[in-house]
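Structure record follows, encoded as structure tokens.
There are 2 protein chains.
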Amino acid sequence: MSGPLLTRIDHVGIACRDLDEAAARYAELFGLTVVCRETNDEQGVHEAMLEVSLAPAGGSYVQLLQPTRPDSPVGRFLDRRGEGIHHIGYGVDDVEAALATLDGQGVRLIDRRPRHGSMGAAIAFLHPRDLGGVLTELVQARPGQARD
Amino acid sequence: MSGPLLTRIDHVGIACRDLDEAAARYAELFGLTVVCRETNDEQGVHEAMLEVSLAPAGGSYVQLLQPTRPDSPVGRFLDRRGEGIHHIGYGVDDVEAALATLDGQGVRLIDRRPRHGSMGAAIAFLHPRDLGGVLTELVQARPGQARD
Chain B
1 MSGPLLTRID HVGIACRDLD EAAARYAELF GLTVVCRETN DEQGVHEAML
51 EVSLAPAGGS YVQLLQPTRP DSPVGRFLDR RGEGIHHIGY GVDDVEAALA
101 TLDGQGVRLI DRRPRHGSMG AAIAFLHPRD LGGVLTELVQ ARPGQARD
Chain C
149 MSGPLLTRID HVGIACRDLD EAAARYAELF GLTVVCRETN DEQGVHEAML
199 EVSLAPAGGS YVQLLQPTRP DSPVGRFLDR RGEGIHHIGY GVDDVEAALA
249 TLDGQGVRLI DRRPRHGSMG AAIAFLHPRD LGGVLTELVQ ARPGQARD
């Protein structure tokens, strides 16, 4: 590998039961602002992105996730473990290239091809089994977006 | 509040059973480098900091944590939940001032005064009960250190 595959901590994904309440808490206690709010039907989540920092290389966010249905991945996580940290998302320059590299190293991929993520990003999840129990997301930010 | 209390995602803390194996995995798969390795007897952890990014405002790290004893907080976490994400650490400008602010807002503090953290930082933990199940750490980097 010529350089680090991961360029930054893009976000920490946090599962919650009430998105409005959680977003209000992060705003009130920590002064964080919701910069994007959307629903991702494919993943079964309502989500809010709260900006923590915005460096030239890319932003870092708290991503709050409320399931749209109980049988979604985040819904099952809440049932099993309760509210808390669900996954960690890292910035990459090229998510397809990163997936090919990791596939070649034998890492189990949840997504073999990029999917649509928050704020127009191309994202893919890696299976926690090969990564010490950590559900890991790769995030290639949409060019020209605020998170760039 | 005049501005955001949190200035960046400082690190994600990951509980593991074998620090060497976990550090080797992050190096091999993701190209991350261990920039600091130390033992914190007070917290009962052997730890390794792997740098993900280093912006002018401060670095972001993967912090791998292996318990020094089974009855430490990370040891009990491993027993209860297995390997995985243990906590999230955010940068603050002044950890004592941040604790005073959050105490005034009724947030339950695990540490009422700063403790010694990784790489010479002053740190304090907030209780997950008031924060949607997320064990949250405040990190004031040591002046002049690489993480600044």
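Chains as they are written, first to last, in my numbering: chain B, 1 to 148; chain C, 149 to 296.
Just so it is clear, CB atoms sit at the ideal spot from N, CA and C, and this is done for glycine as well.
Predicted model, so just to flag it, every value in this text is computed and none were measured.
Exposed unless 16 or more other CB atoms sit within 10 angstroms - verdict on Q63(B): buried
For chain C, find out if any of its Cβ atoms is closer than 9 Å to the Cβ of S53(B); answer yes or no. yes
Secondary structure at P291(C), three-state DSSP: helix, strand or coil? coil
Might you give, ordered along the chain, the residues of its own chain that have their beta carbon closer than 8 Å to the beta carbon of A27(B), omitting 5 neighbours on each side? T33, V34, L50
Looking at the strands, I want to know which residues DSSP matches up with A121(B). Paired residue(s): none; A121(B) is not in a bridge.
Using C-beta distances below 8 Å, list every residue in its chain close to R108(B), excluding the 5 sequence neighbours before and after it, in chain order. L126, H127, R129, D130
If we ignore side chains and look at the alpha-carbon of each, how far apart do G13(B) and L6(B) end up? 17 Å
Which residues does DSSP list as the beta-bridge partners of E47(B)? E38(B), L65(B)
Shorter than 9 Å from the beta carbon of C36(B) to some beta carbon of chain C? no
Going by alpha carbons, who is nearest to P4(B) out of V45(B), D111(B), L54(B), Y90(B)? Y90(B)
Which term fits D153(B), buried or exposed, when burial requires 16 or more other beta carbons within 10 angstroms of its beta carbon? Since the first and last residues shown for chain B are 1 and 148, residue 153(B) lies out of range.
Tell me whether the beta-carbon of I85(B) lies closer than 9 Å to the beta-carbon of V222(C). no
Chain C partners of V30(B), CB-CB under 7 Å? One point to set straight first is that residue 30(B) is Phe, not Val, in the sequence displayed. In chain order: P152, L153, L154.
Under 9 Å, Cβ to Cβ, is there at least one residue of chain B near Q211(C)? no
Does the beta carbon of V160(C) come closer than 9 Å to any beta carbon on chain B? yes
With 8 Å as the limit, tell me which residues of the region 220–234 of chain C have their beta carbon closer than that to any beta carbon of chain B; keep them in chain order. R229, G230, E231, G232, I233
Start-to-end residues for the beta strand (DSSP E) that takes in V160(C): 156–163
If we cut at 9 Å on Cβ distances, does T181(C) have a partner in chain B? yes
Which residue marks the beginning of the beta strand (DSSP E) containing G91(B), and which one marks its end? 84–91
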